[in-house]
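If you're matching positions, the sequence shown starts at 1 in full-length UniProt numbering and goes up one per residue.
For each residue, glycine too, the CB sits at the ideal point set by N, CA and C.
Quick notes on the structure that follows.
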Amino acid sequence: MFSLRNELKKRDFETLDLFTISFSLFKHNFTNFIILSLICCLPLILTGIYLPISTFDPEKLKTYEDLINWFKNDVTIGFYVNIFLSLLLDTISAISVSLLVERLIYGNIKSANWAIIRSFKFLLPTIFTTFIYFILVFLGATFFIVPGIAFIVFFVFIKNICTLRHTWGIDALKYSFYLVKPKFFKTLFLLGFIFLFQQVFAMTIFPASTENREGLLSYFIAMIVLYIFNTYFQIIITLFFLNRDYVSSNMLEEDDDDEYNNEEENDENNIEK
1 MFSLRNELKK RDFETLDLFT ISFSLFKHNF TNFIILSLIC CLPLILTGIY LPISTFDPEK
61 LKTYEDLINW FKNDVTIGFY VNIFLSLLLD TISAISVSLL VERLIYGNIK SANWAIIRSF
121 KFLLPTIFTT FIYFILVFLG ATFFIVPGIA FIVFFVFIKN ICTLRHTWGI DALKYSFYLV
181 KPKFFKTLFL LGFIFLFQQV FAMTIFPAST ENREGLLSYF IAMIVLYIFN TYFQIIITLF
241 FLNRDYVSSN MLEEDDDDEY NNEEENDENN IEK
């Protein structure tokens, strides 16, 4: 893993490199990544079964009045429970994956239990930063679709930054923007691929109904498989973040060294004169 750490600092990985190296990391700590996936997805599966969310039909919600009426008449307690659990468990999962991946790069295999316990240290700052992110994306998507998509791309690293660089709030958003800006289209392609994969998977694997045993079993298995894939995608995002972070830091150090050397040369020239 020492060679991987050096490679992360030397160059920007290609998209294929991110997928293949992430898969190697996933296999290297396979058991703990699977345990983490199960711990985070099982509560969501159970609430989805016992507290189902009412079907969301965009065609029936064309005005704000339709949306308000939908909240008043169709939204149940299950909606709020699922939203809360999704935010909480997805955040814990992202933080835990970030911690496990960084430890792997440094040659240490940590347990899922260690990562989850440690994730609570970063939970509130990460949720606060995510809340700001949601507001920006909502505003961007409400007025114009393109800014909303741009915000999703630019701020993709906020959870990694909150966890691994102990920076949160606006500073985390700024740093994510700084890292993504030179690689915007690469990041857009990566997120687009993940989104399309999840949509195709959901349309082809998820059962049409969960009202019988076969449907419930299919839903249960599909959710577990989807969350395992989601964990793998989180590994890719974390590796991408660490790569951009290390490369950017090295570039800044080189710039500082060049400035220092130029200052020394100028001082020597002034002395000679």
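Counting along the chain, L51 sits inside no alpha helix (DSSP H), nor does DSSP assign it H or E at all.
Contact holds between the region 237-252 and the region 157-175, because three or more Cβ pairs, one in each stretch, are under 8 angstroms apart. Listed in chain order, the alpha helix (DSSP H) elements of length 4 or more contained wholly in the region 121-193 are 145-154, 158-164, 170-180. Nearest C-alpha to N160 among P147, L179, I149: L179. In the DSSP assignment, T76 falls outside any alpha helix (DSSP H) and carries neither an H nor an E. For S24, the uninterrupted alpha helix (DSSP H) run begins and ends at 15-28, by DSSP. In the displayed model, G215 falls within a helix according to three-state DSSP. By the Cβ criterion, the region 132-146 is not in contact with the region 97-108, since fewer than three pairs of Cβ atoms, one from each stretch, lie closer than 8 angstroms.
Put simply, the backbone Cα of F184 is about 10 angstroms away from that of L190.
The C-alpha of K110 lies about 44 angstroms from the C-alpha of F143.
Between the alpha carbons of D12 and L51 lies a gap of roughly 44 angstroms.
With fewer than 16 other beta carbons inside 10 angstroms of its own, V200 counts as exposed. In this structure, A222 places its C-beta atom within 8 angstroms of the C-beta atom of I205.
DSSP places R244 within a helical segment (H, G or I) once states are collapsed to three. Between N250 and R244, the alpha-carbon positions lie close to 10 angstroms from each other. Taking 8 angstroms as the cut-off, the Cβ atoms of P43 and L85 count as close. A direct Cα-to-Cα measurement between I116 and A141 gives close to 33 angstroms.
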